[in-house]
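In the working numbering, the protein residues as written are 122 to 511.
Remarks on the structure that follows.
As structure tokens, this is what we get:
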């Protein structure tokens with residue numbers, strides 16, 4: 122009988138980080154297991170036997186995905202055939218729901234004999250619950266990172282485990298010092314996004330408002346998080362275009378220093394994304410923005426019929442508004458300025474927001490996702506000899 126094997130797939134940077142920690146745990150739990158699949162630099166360094174680099178799958182937005190479809194289809198079928206050939210005992214698909222659920226469905230149709238698991242739930246609360254019966258059919262186990270997701274699946278027969286959110290553990294163990302900014306300043310942290318197109322859509326309006334705030338408040342210091350080194354030049358050019366002739370009271374920091382920045386920030390303006398949850402866990406009052414491609418917005422509203430009371434994950438978890446959120450046509454410079462002025466002019470508003478942020482950590486509980494998942498996968502592998510007798 123062949124040794125145990127697990128196939129992992131991560132299609133973007135956040136999945137690569139989750140996969141890295143999972144591989145480290147699996148190596149400790151099951152030293153003899155073969156771990157192969159698709160991952161980024163972190164997973165490869167952790168020991169993944171990489172059959173295709175993650176970088177081949179990185180696209181975003183409906184329009185970008187449309188133009189990348191031919192390439193994605195070729196990679197999809199090549200990957201599926203490789204999985205069927207290698208026949209791993211377990212497949213763990215990390216995030217990247219559109220691609221991953223299509224892969225799970227294709228493998229299910231071809232009678233793949235192993236277990237198919239998904240880590241990080243597709244946004245069924247946004248896209249509609251019609252996906253749930255399909256997921257119930259093609260998945261053996263779903264690992265979710267938010268308690269409300271498990272509640273959504275309670276009526277279904279799909280086995281769902283709430284494993285906690287990785288950011289809880291990461292923020293609690295973080296020992297990085299706050300960034301060094303003179304204590305006389307209040308710090309406005311700006312998180313404009315981690316992708317080129319996000320920057321082009323979000324940063325101009327964000328920075329115009331920041332300039333106005335800096336002009337009005339001499340005690341305000343702006344710190345901009347830069348996801349990748351090449352973006353520094355792009356952001357600098359965009360700021361000069363908006364009239365920033367001096368770098369007085371402005372600093373750029375690498376996204377690797379995000380947590381140090383969050384520890385020093387008095388409040389933040391951030392593009393919608395994972396960093397919103399981090400900001401809440403660090404208790405940073407935040408205004409969330411997201412400029413949407415008009416075609417993407419049309420598709421979301423009219424074809425996919427996405428209608429939500431909240432779009433920011435912090436507000437979704439809390440089931441109420443903690444962070445002001447400005448999406449699509451609601452994201453205007455005037456609206457952003459008004460919310461920022463409220464934070465700047467009212468210590469009470471800031472403290473009320475910080476108090477609400479504390480609720481998020483309580484809701485998410487203290488769990489260690491990679492350990493929970495490793496243990497669950499080990500249990501599945503323990504069943505393997507019985508399953509493989511036929």
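For each residue, glycine too, the CB sits at the ideal point set by N, CA and C.
Predicted model, so just to flag it, every value in this text is computed and none were measured.
Legend entry - Buried versus exposed, by CB contacts within 10 Å (16 or more), residue 216: Position 95 of the chain shown, counted from the first residue, corresponds to residue 216. Result: buried.
Legend entry - Sheet register partners of residue 311 (DSSP bridge): Sequence index remark: in the chain shown, residue 311 carries index 190 (1-based). 345, 390, per the DSSP bridge assignment.
Inset, instruction - Report the residue from 384, 498, 503 whose alpha carbon sits nearest the alpha carbon of residue 282. - result: Reading the chain shown from its first residue, position 161 is the one you call residue 282. For the residues 384, 498, 503, the minimum Cα distance to residue 282 belongs to 498.
Legend entry - residue 442 - DSSP class collapsed to helix/strand/coil: In the chain shown, counting from the first residue as 1, residue 442 sits at position 321. Note: residue 442 maps to coil in three-state DSSP.
Inset, instruction - Determine, using beta-carbon pairs with one atom in the region 436-450 and one in the region 371-378, whether at least three such pairs fall under 8 Å. - result: The region 436-450 makes no contact with the region 371-378, as fewer than three CB pairs between them are under 8 Å.
Inset, instruction - Would you decide whether residue 141 is buried or exposed? Buried here means 16 or more other CB atoms lie within 10 Å of its CB. - result: Translated into positions along the chain shown, residue 141 becomes position 20. Taking all protein chains shown into account, residue 141 has 16 or more neighbouring C-beta atoms within 10 Å of its C-beta and is therefore buried.
Inset, instruction - Count the other C-beta atoms from every protein chain shown that fall within 10 angstroms of the C-beta of residue 192, then say buried if there are 16 or more, exposed otherwise. - result: Here residue 192 corresponds to residue number 71 of the chain shown, with the count starting at 1. Exposed: under 16 other Cβ atoms inside 10 Å.
Legend entry - Beta-carbon spacing of residue 326, residue 465 below 8 Å: The residue you call residue 326 lines up with position 205 of the chain shown. The residue you call residue 465 lines up with position 344 of the chain shown. Going by beta carbons, residue 326 and residue 465 fall outside the 8 Å limit.
Legend entry - Helix, strand or coil at residue 370 [DSSP, three-state]: The residue you call residue 370 lines up with position 249 of the chain shown. Here residue 370 sits in coil by DSSP.
Legend entry - residue 286 beta carbon less than 8 Å from that of residue 490: As a working mapping, residue 490 is identified with position 369 in the chain shown. As a working mapping, residue 286 is identified with position 165 in the chain shown. Between residue 490 and residue 286, the C-beta spacing is below 8 Å.
Inset, instruction - Check whether the Cβ atoms of residue 154 and residue 147 lie closer than 8 Å to each other. - result: Within the chain shown, residue 154 is the residue found at index 33, counting from 1. Within the chain shown, residue 147 is the residue found at index 26, counting from 1. Yes, the Cβ-Cβ distance between residue 154 and residue 147 is below 8 Å.
Inset, instruction - Under 8 Å by Cβ, that's how I've got residue 475 and residue 406 pegged, so tell me the actual separation to the nearest angstrom. - result: Counting from 1 along the chain shown, the entry for residue 475 is found at position 354. Counting from 1 along the chain shown, the entry for residue 406 is found at position 285. With 8 Å as the limit, residue 475 and residue 406 qualify as a contact, their Cβ atoms being about 6 Å apart.
Inset, instruction - Inspect the beta-carbon positions of residue 236 and residue 210 and report whether they are closer than 8 Å. - result: Working through the chain shown from its first residue, we reach residue 236 at position 115. Working through the chain shown from its first residue, we reach residue 210 at position 89. Going by C-beta atoms, residue 236 is nearer than 8 Å to residue 210.
Inset, instruction - Provide the residue(s) that pair with residue 283 in DSSP beta bridges, ordered along the chain. - result: As a working mapping, residue 283 is identified with position 162 in the chain shown. Answer is 265, bridged to residue 283.
Legend entry - Residue span of the alpha helix (DSSP H) that contains residue 171, given as start and end: Mapped onto the chain shown, residue 171 falls at position 50. Residue 171 -> not in any alpha helix (DSSP H); beta strand (DSSP E) instead, spanning 170-174.
Inset, instruction - Could you have a look at residue 134 and say whether DSSP puts it in helix, strand or coil? - result: Locating residue 134 in the chain shown gives position 13, counting from the first residue. If DSSP states are grouped into helix, strand and coil, residue 134 belongs with the helices.
Inset, instruction - To the nearest angstrom, report how far apart residue 261 and residue 233 are at their CA atoms. - result: Position 140 of the chain shown, counting from 1, holds the residue named residue 261. Position 112 of the chain shown, counting from 1, holds the residue named residue 233. The alpha-carbon atoms of residue 261 and residue 233 are separated by roughly 12 Å.
Inset, instruction - Drop a sphere of 10 angstroms on the beta-carbon of residue 313, count the other beta-carbons inside from all chains shown, and report buried for 16 or more, exposed for fewer. - result: Position 192 of the chain shown, counted from the start, is the residue given in the question as residue 313. By the neighbour-count rule (16 or more Cβ atoms within 10 Å), residue 313 is buried.
Inset, instruction - Please work out which residues of its chain come closer than 7 Å, Cβ to Cβ, to residue 271, disregarding the five sequence neighbours upstream and downstream, and give them in chain order. - result: Here residue 271 corresponds to residue number 150 of the chain shown, with the count starting at 1. Here the set comprises 265, 281, 283.
Legend entry - Cβ-based neighbour list, residue 218, same chain, cut-off 7 Å, excluding 5 preceding and 5 following: Sequence index remark: in the chain shown, residue 218 carries index 97 (1-based). So the qualifying residues of the chain are 243.
Inset, instruction - Grab me the residues of residue 257's own chain with a C-beta within less than 6 Å of its C-beta, minus the 5 sequence neighbours each way, in chain order. - result: As a working mapping, residue 257 is identified with position 136 in the chain shown. Spatial neighbours of residue 257 in its own chain (CB-CB distance under 6 Å, excluding positions within 5 residues in sequence) are listed in chain order as 277, 278, 279.
Inset, instruction - Pick helix, strand or coil for residue 239, following the three-state DSSP scheme. - result: Mapped onto the chain shown, residue 239 falls at position 118. It is a strand residue.
Legend entry - For residue 160: DSSP bridge partner residues: Here residue 160 corresponds to residue number 39 of the chain shown, with the count starting at 1. DSSP, once it has assigned bridges, lists 174 as partnering residue 160.
Legend entry - Own chain residues within Cβ distance below 7 Å of residue 145, not counting five before or after: Position 24 of the chain shown, counting from 1, holds the residue named residue 145. Exclusion of the five residues before and after residue 145 leaves 167 as the residues of its chain whose Cβ lies within less than 7 Å of its Cβ.
Inset, instruction - Mind checking who residue 403 pairs with in its DSSP beta bridge? - result: Working through the chain shown from its first residue, we reach residue 403 at position 282. Paired residues: none, contrary to the question.
Legend entry - Separation of residue 345 from residue 382, as counted between CA atoms: Position 261 of the chain shown, counted from the start, is the residue given in the question as residue 382. Position 224 of the chain shown, counted from the start, is the residue given in the question as residue 345. So the alpha carbons of these two residues sit roughly 9 Å apart.
Inset, instruction - In the DSSP assignment, find the beta strand (DSSP E) that holds residue 214 and state where it starts and stops. - result: Working through the chain shown from its first residue, we reach residue 214 at position 93. That run of the beta strand (DSSP E) goes 211-215.
Legend entry - Nearest-angstrom Cα separation, counted from residue 364 out to residue 198: Within the chain shown, the letter at position 77 stands for residue 198. Within the chain shown, the letter at position 243 stands for residue 364. Approximately 50 Å between the Cα atoms of the pair.
Inset, instruction - Pull up the DSSP beta-bridge partners for residue 435, would you. - result: Counted from its first residue, the chain shown places residue 435 at position 314. Partner residues in a beta bridge of residue 435, as assigned by DSSP, do not exist.
Inset, instruction - Would you tell me roughly how many angstroms separate the C-alpha atoms of residue 330 and residue 304, rounded to the nearest one? - result: Here residue 330 refers to the residue found at position 209 of the chain shown. Here residue 304 refers to the residue found at position 183 of the chain shown. Taking the straight line joining both Cα atoms gives about 23 Å.
Legend entry - Same chain, Cβ closer than 8 Å to residue 424, five either side skipped, listed in chain order: Translated into the one-based positions of the chain shown, residue 424 becomes position 303. Since pLDDT at residue 424 reaches only 48, below the 50 mark, its modelled position is unreliable, and no value is offered.
Inset, instruction - Note the first and the last residue of the continuous alpha helix (DSSP H) segment covering residue 483. - result: Position 362 of the chain shown, counted from the first residue, corresponds to residue 483. First-last of the alpha helix (DSSP H) with residue 483: 468-485.
Legend entry - Cβ-Cβ separation, residue 478 to residue 401 (assumed contact under 8 Å), whole Å: As a first step, residue 401 is located in the chain shown; it is residue number 280 there, counting from the start. As a first step, residue 478 is located in the chain shown; it is residue number 357 there, counting from the start. Yes, residue 401 and residue 478 are in contact; Cβ-Cβ is about 5 Å, under 8 Å.
Inset, instruction - Measure the C-alpha to C-alpha separation of residue 295 and residue 324 and round it to an integer number of angstroms. - result: Working through the chain shown from its first residue, we reach residue 295 at position 174. Working through the chain shown from its first residue, we reach residue 324 at position 203. Their Cα atoms are separated by approximately 28 Å.
Legend entry - Buried or exposed (CB count within 10 angstroms, at least 16 for buried), residue 484: One-based indexing of the chain shown puts residue 484 at position 363. It counts as exposed.
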